[in-house]
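Protein chains in written order, with the working numbering: chain H, 32 to 245; chain Z, 5 to 135. For glycine and all other residues, C-beta sits at the position ideal for the given N, C-alpha and C. Note that the structure is a prediction, hence the values are computed from the model and not measured. To keep things clear, I will list the structure first and then write my remarks on it.
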């Protein structure tokens, strides 16, 4: 599995499309335990990202990811701006100078994204955040990045992410607006963990697609 | 003089707080507002926050007063993105928004330094309102 800069842009477009499709759903989740703007914020951010990427052709994969991060930071408005923004910028930093990416790069991107989110949000697993759906996937990808069956690794990573997302229903929010609800946040799925799962799902679906047609 | 930036999700919160402060300090202190998003939604914008910090910095540094949630992360990101020396003389006060802003502005109006202004804001954390 390798892809060039155009392939990376296609993955980001797929992520943006998925976020757009789930705009209402994410906002609904956020209205239960937050400030009812996650879907709106994220779709605003990713529309701006797609527009930005279409307005200029970038050949460096690191620069593409950094552009995504900076655009999210300046357009999202909620906590997901600095969080996902930092994630993409940190991933971009690690990919500077690369005109194509392989599977190990993909793993590094997600690992760096996780580091970025942890750094920015000062959260850890079990606090009902993005980390609950991202870290389980990153763990599987990192442990099995040399496996020959990449498709199976990606599918298992995605399943682990979905389990992590669903697990957020059973835990109390410790970060963000939902933390004001305390125990009353139980039973509700975290919007951030959900958007992160959806982004991962879109990216992995697209990568599998591209591998098929290659 | 130390400058102050009020970072809120809602422009009205920041504007109202600024009005309160001006009753006490007049135009003495340089106070900037970074509130809401560029398309007028409730939220915070790290780019705007960074610009306002630069504007409020006359060389003696800036104390940033933040409201909820993303205002803190957005401000941290904004400060990290500043060039030196502005970067190391911008500080976030871990303080309640209105009380912290008023205390910081008073302290700044007395010509105190960055650390004193930040401390003044943070000392409002344990303040009892009812004796």
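Per-residue contacts from residue 208 of chain H into chain Z (C-beta, under 8 Å): Contact of residue 208 of chain H with chain Z by beta-carbon distance below 8 Å involves 72 and 73.
Rounded to the nearest angstrom, what separates residue 52 of chain Z and residue 86 of chain Z at their Cα positions? Taking the Cα positions, residue 52 of chain Z is about 12 Å away from residue 86 of chain Z.
Our contact map puts residue 126 of chain Z next to residue 99 of chain Z with C-beta atoms below 8 Å; I'd like the distance itself, whole angstroms only. The pair is a contact, with the Cβ atoms about 5 Å apart (cut-off 8 Å).
Any C-beta of chain Z under 8 Å from that of residue 110 of chain H: At least one CB of chain Z lies nearer than 8 Å to the CB of residue 110 of chain H.
Compute the distance between the beta-carbons of residue 76 of chain H and residue 112 of chain H, then report whether it is under 8 Å. Contact annotation: residue 76 of chain H and residue 112 of chain H have beta-carbon atoms nearer than 8 Å.
My understanding is that residue 304 of chain H touches residue 159 of chain H, with C-beta atoms under 8 Å, so please give their C-beta distance in whole angstroms. Any answer about residue 304 of chain H is impossible in this case: the structure gives chain H only from 32 up to 245.
What's the C-alpha gap between residue 103 of chain Z and residue 128 of chain Z? If you draw a straight line from the Cα of residue 103 of chain Z to the Cα of residue 128 of chain Z, it is about 6 Å long.
Shorter than 8 Å from the beta carbon of residue 165 of chain H to some beta carbon of chain Z? The beta-carbon of residue 165 of chain H is placed no less than 8 Å from the nearest beta-carbon of chain Z.
Going by other Cβ atoms of all chains shown within 10 Å of its Cβ, with 16 needed for buried, is residue 129 of chain H buried or exposed? With 16 or more Cβ atoms within 10 Å of its Cβ, residue 129 of chain H is classed as buried.
Could you give the distance in angstroms between the alpha-carbon of residue 36 of chain Z and the alpha-carbon of residue 112 of chain Z? Taking the straight line from one Cα to the other gives about 14 Å.
According to a CB-to-CB cut-off of less than 8 Å, which residues of the segment 81–106 of chain H neighbour chain Z? Flagged, chain order: 104, 105 and 106.
Grab me the residues of residue 49 of chain H's own chain with a C-beta within less than 8 Å of its C-beta, minus the 5 sequence neighbours each way, in chain order. Answer for residue 49 of chain H: 229, 230, 232 and 233, listed in chain order.
Chain H within 8 Å of residue 51 of chain Z, Cβ atoms only: True, the Cβ-Cβ gap to chain H drops below 8 Å.
Measuring alpha carbon to alpha carbon, tell me which of H:209, H:73, H:66 and H:134 ends up nearest residue 31 of chain H. Here chain H comprises residues numbered 32 to 245, so residue 31 of chain H is not present and cannot be evaluated.
Contact belief for residue 68 of chain H with residue 38 of chain H at Cβ below 8 Å, rounded distance in angstroms: With a beta-carbon spacing of about 32 Å, residue 68 of chain H and residue 38 of chain H fall beyond the 8 Å limit used to define contacts.
Buried or exposed, going by whether 16 or more other CB atoms sit within 10 Å of the CB of residue 114 of chain Z? Around the CB of residue 114 of chain Z, fewer than 16 other CB atoms lie within 10 Å, so the residue is classed as exposed.
Measuring CA to CA, which of H:120, H:180, H:53 and H:190 is closest to residue 32 of chain H? Nearest C-alpha to residue 32 of chain H among H:120, H:180, H:53 and H:190: H:180.
Just checking: is the beta-carbon of residue 187 of chain H within a distance shorter than 8 Å of some beta-carbon in chain Z? Closer than 8 Å: no.
List the whole-angstrom C-beta distance separating residue 134 of chain Z from residue 101 of chain Z, where the pair is believed to meet the contact cut-off of C-beta under 8 Å. Contact doesn't hold; Cβ gap of about 19 Å is too wide.
Put residue 41 of chain Z into one of helix, strand or coil per three-state DSSP. Coil at residue 41 of chain Z, not helix or strand.
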